[in-house]
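In this text, residue positions in the sequence shown follow the numbering used here: the first is 2, and each later residue adds one.
Each residue gets a CB set at the ideal place from its N, CA and C atoms; glycine is no exception.
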Amino acid sequence: MGAGSETSASTMAWATHLLLSNPDCLSRLRSELTQAASSSSQPGCLTHMDLKSLPYLNAVIKETLRLRPAATRVMREMDITVTAHAFGPDGVERQYHIPEGTGVEISIYSLQRNPQIWLRASEFWPERWLEADAEDEEDWGVVGVIKSHVRNKGVGTSQG
Ligand code: HEM
2 MGAGSETSAS TMAWATHLLL SNPDCLSRLR SELTQAASSS SQPGCLTHMD LKSLPYLNAV
62 IKETLRLRPA ATRVMREMDI TVTAHAFGPD GVERQYHIPE GTGVEISIYS LQRNPQIWLR
122 ASEFWPERWL EADAEDEEDW GVVGVIKSHV RNKGVGTSQG
């Protein structure tokens, strides 16, 4: 990974591509930005403080990072021994014993596109993040060790 520059540049490029490929999203974002700029404390100019009133922009960034993560995987070494359960492609649940010291690779890309976790997994759908912004923490799903920011209703389904 080219530290912060390559990751930021490629994410911006993907956001542009995804917005141009989804004109409805681009239009909604443009409306939000135009409205925020006119009601900003410095009219016509958006400041860092205005980010709080730009939920759709935040949703677009999150959705871009989900679909096109600049870092597609991370490597880690287990510092504890764990027994984990997971379903294979055949749908059968298996138990995995992972001893301390084992090197593991976590595929960010696969997790973020898994249709068992995400509704409409392969679609650019920023609205999913607006719904997940609900304050009810219990409504949010936890998948493995990653708090998924996906409502429970999305887990275990592949509906689209
Ligand atoms: C879209 C933009 C970015 C993405 C997707 C991204 C992604 C990541 C990921 C996945 C890691 C963890 C790597 C690992 O532990 O194996 C990481 C680490 C790091 N990133 Fe970024 N990054 C981004 C932007 C930046 C920027 C702008 C900076 C600095 C200005 C930065 C500085 C760092 C540093 C210092 C670490 C190491 C942190 C540590 O291990 O203590 N990143 N980044």
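Is DSSP giving residue 108 helix, strand or coil here?
Within the sequence shown, the letter at position 107 stands for residue 108. DSSP places residue 108 in strand when its eight states are reduced to three.
CA-CA distance, residue 115 and residue 122?
For this step, residue 115 is matched to residue 114 along the sequence shown. For this step, residue 122 is matched to residue 121 along the sequence shown. In a straight line, the C-alpha of residue 115 is about 6 Å away from that of residue 122.
Between residue 75 and ligand 1, is the CB less than 7 Å from at least one heavy atom?
Mapped onto the sequence shown, residue 75 falls at position 74. Checking the Cβ of residue 75 against ligand 1 gives yes.
Could you pull out every residue in the same chain whose Cβ sits closer than 8 Å to the Cβ of residue 57, ignoring the five residues on either side in sequence?
One-based indexing of the sequence shown puts residue 57 at position 56. 29, 30, 33, 127 and 131.
In the structure shown, what three-state DSSP assignment does residue 114 receive?
Within the sequence shown, the letter at position 113 stands for residue 114. Coil at residue 114, not helix or strand.
Identify which residue in 88, 47 and 105 has its Cα closest to the Cα of residue 78.
In the sequence shown, residue 78 corresponds to position 77, counting from 1. Checked all of 88, 47 and 105; the closest Cα to residue 78 is 105.
Use the C-beta contact count for residue 70: other C-beta atoms within 10 angstroms, 16 or more gives buried, fewer gives exposed.
Against the sequence shown, residue 70 aligns to sequence position 69. Counting Cβ neighbours within 10 Å, residue 70 comes out buried, since at least 16 surround it.
Exposed or buried, which one is residue 84 when buried takes at least 16 other CB atoms within 10 Å?
Position 83 of the sequence shown holds residue 84. Exposed is the call here.
Excluding sequence positions up to five away, which residues of its chain have a Cβ less than 8 Å from the Cβ of residue 52?
Here the question's residue 52 lines up with position 51 in the sequence shown. Cβ within range, chain order: 58 and 59.
In three-state terms, what does DSSP make of residue 121?
Translated into positions along the sequence shown, residue 121 becomes position 120. Of the three classes helix, strand and coil, the one that applies to residue 121 here is coil, per DSSP.
Consult DSSP for residue 137 and reduce its assignment to one of helix, strand or coil.
Here residue 137 corresponds to residue number 136 of the sequence shown, with the count starting at 1. Model confidence at residue 137 stands at a pLDDT of 48, short of 50, so the residue's coordinates are unreliable; what they give is reported in the following sentence. Residue 137 falls in the coil class under three-state DSSP.
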